[in-house]
Structure formats: structure tokens, C-alpha cells
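To keep things clear, I will list the structure first and then write my remarks on it.
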Amino acid sequence: MRDPSIEEHAFLSNTRTAALTRPDGTMNWLCLPTFASGAVFASLLGTPSNGFWRVGPAMYTSAPPESRRRYVGDTLTVEQTWDTGSGVLEVTDFLPAPDASGDAPPTVVRVATCRSGMVRLASEFQPRLGYGSVTPGLQYVGHGTPRLRVTAGSDTYWLDGPRHSADRGSASCDMPLKAGQSIVFALTWTRTGSPAPARLTGTTVLEETQRYWTQWASACTYDGPHRDAVLRSALTLKGLCDVGGAAVAAPTTSLPAPIGGERNWDYRHTWPRDTAWMMQALLSLGYTEEPTAYRNWLTTHIDPDGPKPLYSLDGGPVPAEETLPHLSGYRGSTPVRVGNAAAEQHQLDVYGELADLLAQMDDADIPPCPDADRLLLAIALNVEALWEQPDDGMWESRGTRRRYVSSLVWAWVALDRAARVLERHGAADEETLLRLATVAGTVHAEVCAKGYDAQRNTFTQYFGSQDLDASLLHIARVGFLPPDDKRVIGTVEAVERELSVGGGLLLRYPTHADAADNVDGLAGHEGAFLATAFWMVEALALIGRGTDARELLDRLLSVRSDLGLLAEQYDPAEEVHLGNYPQGLSHDGLIRAVLAINTQGSVPAGADELVLAAAES
297 MRDPSIEEHA
307 FLSNTRTAAL
317 TRPDGTMNWL
327 CLPTFASGAV
337 FASLLGTPSN
347 GFWRVGPAMY
357 TSAPPESRRR
367 YVGDTLTVEQ
377 TWDTGSGVLE
387 VTDFLPAPDA
397 SGDAPPTVVR
407 VATCRSGMVR
417 LASEFQPRLG
427 YGSVTPGLQY
437 VGHGTPRLRV
447 TAGSDTYWLD
457 GPRHSADRGS
467 ASCDMPLKAG
477 QSIVFALTWT
487 RTGSPAPARL
497 TGTTVLEETQ
507 RYWTQWASAC
517 TYDGPHRDAV
527 LRSALTLKGL
537 CDVGGAAVAA
547 PTTSLPAPIG
557 GERNWDYRHT
567 WPRDTAWMMQ
577 ALLSLGYTEE
587 PTAYRNWLTT
597 HIDPDGPKPL
607 YSLDGGPVPA
617 EETLPHLSGY
627 RGSTPVRVGN
637 AAAEQHQLDV
647 YGELADLLAQ
657 MDDADIPPCP
667 DADRLLLAIA
677 LNVEALWEQP
687 DDGMWESRGT
697 RRRYVSSLVW
707 AWVALDRAAR
717 VLERHGAADE
727 ETLLRLATVA
737 GTVHAEVCAK
747 GYDAQRNTFT
757 QYFGSQDLDA
767 SLLHIARVGF
777 LPPDDKRVIG
787 TVEAVERELS
797 VGGGLLLRYP
807 THADAADNVD
817 GLAGHEGAFL
827 ATAFWMVEAL
837 ALIGRGTDAR
847 ELLDRLLSVR
857 SDLGLLAEQY
867 DPAEEVHLGN
877 YPQGLSHDGL
887 IRAVLAINTQ
897 GSVPAGADEL
907 VLAAAES
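In our numbering, the protein residues as written are 297 to 913.
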């Protein structure tokens, strides 16, 4: 079977880790026990020899029949169905929902059922630990119904289900099923030396998992147009959340953007920027538990000296970036990376996104938190000290540091939101508030003076640049300028004109063949960045181009996968998704875009009165 496109994969999650499955029933990406653990199935980024697990029709010499698949209602349970000619086989894949204690070991469950006639079911199980580099030992243990135990170093996996024939690190089984018969497979991780996990009852745990997701989905308060798309995006964001309170940007590493290029990064860590936006999207749909848990994570792990661009999910440092040469990459795209060197960058915008989230939570009447007020004050004081320094920008440039306009807009947001919330809570003295307001006014004036090209009537990517940047679309959304300001309208139109790749899709910024000509310091081009196109929907709606906004939204909704999922980027020429998948930023963008068009929510105010007074003085 051909290597499937990125968007042809289904996404499973238990809010501790995730798995991807192909249309032929192959699970080709699974990290246990956490999102950032080493993969036990890594053939997504290499070949079958790097690990996979297929449950589906027995294939023999021919390819399997085409499958139909769907998420079961408002859940992250995936159901695939094959009509084999002799019968109908259904396989339901899921990761059991987190238990209340958080002590249950992570498990993958696959339930195969013959719905009619007779089918032959096959399971091909080839675990390869360490991202496909380690062939583990396989051994049947126990009495009565033995279990297949897979051990390598500190990791042990237990496969329950029908007996497999095991040989040289792989196992397989092939059996007939008649109408109404079901077989349950369960793969559970434990630390080596721990007691064997309890066997799962497939029907019971399936019902519990579906109930968990259905109840969570029922709390969504949005009931307007495109609700199904919004809810699927919300479920995806929830699936990217970690039980500890943070969220991963995506559950994969090194899915390329573009195919064959070098922009292959590990997204299985938590970016305060991305997570703040994801939490704002959930908050806008009526969810408060996840933003509150993230606020607790922030107050526990963010250093008073300021947030880093990214963290491990446990709040620790991200592992050093390294490449895995034994993996050939998705469709030959190398290098395959784990860890992420962007953790050491200086990204000024992060302060603003965190302050904006904390302010939105306060506006939503979530009970205040003194630790959050202290964090807000620290954020504002850090921005006061750092705003004049060049940074690496929102897009994590590995080239020269610059005075990025969007970074400074978000620096202004940090000062504006902090002053507003701290004044409301009485959490800062008047002298400090006035000083922060004065700095905010200075930042605002400098951006308008040095980041705006009056001849072209547009803001630019950085001071002194002629290039544009899609992150400039945030200027009106965050209230830096009103949406009817000619500079806002001019910027939206310039980005629409100069960064378009057709069909309303946008680049993040201009790219060129030579690395020396690219602001990110990397060679070649990339695909259209899906989140920026959703930002354009918001921007068009804000400046009064509602018809154009709706048309663009319809176009973007049409590029989702059959399961409603979005990767990081899209190639309009090949009509395929690119980059890590599913991408939280893309689904956040979808939710914001739909709400911008279909709700009566107010546009964020400009600088609050305190900041305006300082700017005018």
C-alpha cells in the first residue's frame, strides 16, 4: 500500500499520549507512556522495520479493501469498517480515558468485530523501541490465558488478546470471525519490574471512554454555524492537553513542511504561546477547567525571570535537539529530530500571549489567583526591561535576531493586559502601574513610527524590512489599533496580496531558495500555514469584509481531513497536508475564525485608559 498522506491518519489520545493510525488499520506512531516518550511504533518516520501494529482484514498477497472510518460521535474513538466480500469487519481503536486517580497505566485498545458474514482477521505486531532502533524481546508469560510481554530496558509492554506467533521481535495472528464475534486487543505500558497490569474488559472500558469524551463535548456552549467543525477542533485541542495542565503543539515530530525539506521539528513539547491560544479557544467555548489547570501549571513552572519559548510537559527543560539518522523520514524527509533547540531562544511575544490569556480568564470571571497576579507583574516588569532588545520572533528564526513588529505588538499587549488586571485586583502600586503604562505608550509609538511603511500603507515584518509577515494580522485582534484604522486595513490587504499562494491560503512570510535570503536561516520554501489563513478570516471580519471572510472560511473547512483534522501546513498544488499533525494552532485558528464570523463577541479594546493617558502625556 502507498505511504498515506499526513491527513489520512486518525488521531487517538488519552490526554497523556497519542497514537496515529492509517486507513489500512496500521498504527504507525505511538509514544508510551507520554507524548514525548520514545516511540514504540515509528514507521510513520521510516519503514515498517521501525515498528507498527496492524489490525484489520488478512491481506495475504493483495492489498486490503478500502475502509470507511469515522469518529464515534463526539469522541476520540475511531471506527474503521471494511467490506471484504465475504463479510464486514469493524475495528474500533481508542486510548482509554484518563482515570480519576491518574494511576492507570497507559493502554491502547483495539476491538475487532465481524458485523456480517465471515471475515479473516489479522494482527501484525512489530514493536521497535527507541524510535524504531531497538528490537525487543518477546515472551509469553503467565498461566491460563498467557500474555505477550515485550521488554527493552526500563520499558515493558503487555499485549493481551488472542495468541500470536512470536519470532525475532515480531508477532502475528490470523483467525476467522463470524457475524457477532468480537476480539479485544490491549497493549499496556508499565515500567520494567512493576507488577503486571490488570487485564481490560474491552466493552466496559470502551463505554467509559466514550462517556468521558461525550460528556466533555456536551459542555461546549457554542451552538452556531459549523458547530461540528468547532467541536471536532475542540476535541482535538483537548486531546493535545496533558493531564498535568500544559498541552503539546502536536503529538508528532519531524513531519515535514515541505516534503523533502529541512523544516522538520519536534512539536511534542509545550509552547506557552501555542498553549495560551489553545486555552483561549477552549475558554471561548465555555471550558474553564483546562485554562485553570494551565494557569496553575504556569504559576508552578514559569520562572520569575520570564517564560522560555517552550518546556517539557512536566515543566522541565526540553531535551537537547538531536537527529535520528536511523530513520529515513516521512517520504524520505530528513533529518528526523527529537528535542528542540528553540527552547534557548529569546521570543518577546510569549509574554504578551500569556498576559492576554490571564486577562481573558479574569474577564470571564474565573476566580482570581494571587500567584497569577504575581506572574503577570513579573511578565510586565520583564517586558519593561527587554522590549528594546532584538529577538528571534514568533516563528523561531534560526537566523539573525531582529526587532520584529509582531513581537513588539505582543510586548504592548503584555503591558496593557497586566496594567488592567493588576489595577483591577489592586495587585500593584500606582507608581508601578503608571510606569508600565508609560512604557506601553512608548512601545506603541515606536511600532507605529518604525514598523509602518507609510508609502505602502502597511506594517512590515521587522524594523527596516520591506517584507510582510502574517502575524501582523493580530494587530486589530489584540486591540493595538482599531479595525477601521487605515493602517490596519492596509496591512490586511497587503498580507492578503503579497503572501497569498492561492485560494486564500497564506505563507507565514516570504521564503527563497537560498538560506541566506530567508529570515529563518533555512533553505527553500514551505507550504501555506493553515493558522495564518484562519487569522485572515478573523481580520477580514474585523475590517468589515464579512462576505470575503465567510468565503475564505468555507474554503479552509474544505481542506480538513475526512475526520475533521488539520496539520500545520497545506500544499495547495498537491492538495495534501504538511507538517506535524494534528496541529493545535490550526485548530485554535479554526475555532477563532468561526466565532469571529458567527458570534457577537466584541473586538478587543485598544490600549486601556491608563495606557492611553500615558501615551498622550
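Note that CB positions come from ideal geometry on N, CA and C, so glycine has one too.
These numbers come from a predicted model, not from an experiment.
If we count Cβ pairs, one from each stretch, closer than 8 Å, do we get three or more for the segment 378-392 versus the segment 515-531?
no
Assign L654 to one of three DSSP states: helix, strand, or coil.
Note: L654 maps to helix in three-state DSSP.
What are the residues that DSSP puts in a beta bridge with W378?
S363 and L385
So who's on the other strand from E618, going by DSSP bridges?
Under DSSP, the beta-bridge partners assigned to E618 are V634.
Bridge partners for A408 per DSSP, in chain order?
V387 and I479
How would you label Y436, buried or exposed, when you count the other beta carbons within 10 angstroms and need 16 or more for buried?
By the Cβ neighbour-count rule, Y436 is exposed, with fewer than 16 other Cβ atoms within 10 Å of its own.
Express the C-alpha separation of A824 and G334 in angstroms, rounding to a whole number.
30 Å
Smallest Cα separation from V709: which of R365, E727 and L672?
L672
Which residues in the same chain as L908 place their Cβ atom closer than 6 Å to its Cβ, once the five residues preceding and following it in sequence are excluded?
In this prediction, L908 scores a pLDDT of 39, lower than 50, which makes its location untrustworthy; the coordinate-derived value is nonetheless stated afterwards. Excluding positions up to five away in sequence, the list is empty.
Return the first residue and the last residue of the alpha helix (DSSP H) that W561 is part of.
No alpha helix (DSSP H) holds W561; DSSP gives it neither H nor E.
For K604, count the other beta carbons within 10 Å of its own beta carbon; 16 or more makes it buried, fewer makes it exposed. Which is it?
In summary, K604 is buried, with 16 or more beta-carbon neighbours lying within 10 Å of its beta-carbon over all protein chains present.
On the criterion of 16 or more Cβ atoms from any shown chain inside 10 Å, does E726 qualify as buried, or is it exposed?
exposed
Sorted by chain position, which residues of the same chain lie with C-beta nearer than 8 Å to D844's C-beta, five sequence neighbours on each side aside?
L836
Just to confirm, are V430 and V890 a CB contact at a threshold of 8 Å?
no
What does the alpha-carbon distance come out to for the pair E684 and T313?
39 Å
Tell me whether V544 sits in a helix, a strand or coil according to DSSP, three-state version.
In the three-state DSSP reduction, V544 falls in the coil class, being neither helix nor strand.
Could you compute how far the alpha carbon of R783 sits from the alpha carbon of L777?
8 Å
Nearest-angstrom Cα distance between N876 and D858?
17 Å
Going by alpha carbons, who is nearest to L653 out of Y700, R698, N346 and V717?
V717
So, at 8 Å on beta carbons, what are the nonlocal neighbours of E618 in its own chain, with the 5 sequence-adjacent residues on each side left out?
R633, V634 and G635
What does a CB cutoff of less than 7 Å around A639 pick up in its chain, not counting 5 residues either side in sequence?
Taken in chain order, the residues that qualify are K604, P605, L606, P613 and V614.
In three-state DSSP terms, what is P900?
Caution is warranted here: a pLDDT of 44 is assigned to P900, below 50, making its placement in the model unreliable, and no coordinate value can be reported.
Between the segment 649-666 and the segment 570-585, are three or more C-beta pairs nearer than 8 Å?
yes
Under the DSSP definition of a beta bridge, which residues are partnered with C327?
A335
Please work out which residues of its chain come closer than 7 Å, Cβ to Cβ, to D610, disregarding the five sequence neighbours upstream and downstream, and give them in chain order.
If we look at D610 and ignore the five residues flanking it on each side, its Cβ neighbours are G540.
In three-state terms, what does DSSP make of H770?
helix
Can you tell me whether M575 is helix, strand or coil according to DSSP?
helix
I think W454 touches P329, with their Cβ atoms under 8 Å apart; what is that distance to the nearest whole Å?
No, W454 and P329 are not in contact; Cβ-Cβ is about 13 Å, not under 8 Å.
How would you label A315, buried or exposed, when you count the other beta carbons within 10 angstroms and need 16 or more for buried?
buried
Please list, in chain order, all residues of the same chain as G582 whose beta carbon is under 8 Å from its beta carbon, the five residues on each side excluded.
A515, C516, T517 and Y518
Would you kindly work out how many angstroms separate the C-alpha atoms of G602 and H740, rounded to a whole number?
21 Å
Using only alpha-carbon positions, find the residue among Q762, T371 and T566 that is nearest to A790.
Q762
From this set, R697, D867 and E834, which residue's C-alpha is nearest L886's C-alpha?
E834
On the DSSP bridge assignment, give the partners of L417 in chain order.
Paired residues: P353 and M471.
Keeping to the same chain, check which residues put their C-beta closer than 6 Å to that of T311; ignore five residues upstream and five downstream.
P394, C537 and V539
Quick check: the Cα distance between W325 and E303, rounded to an integer number of angstroms?
Across the structure, W325 and E303 are spaced so that their CA atoms are roughly 14 Å apart.
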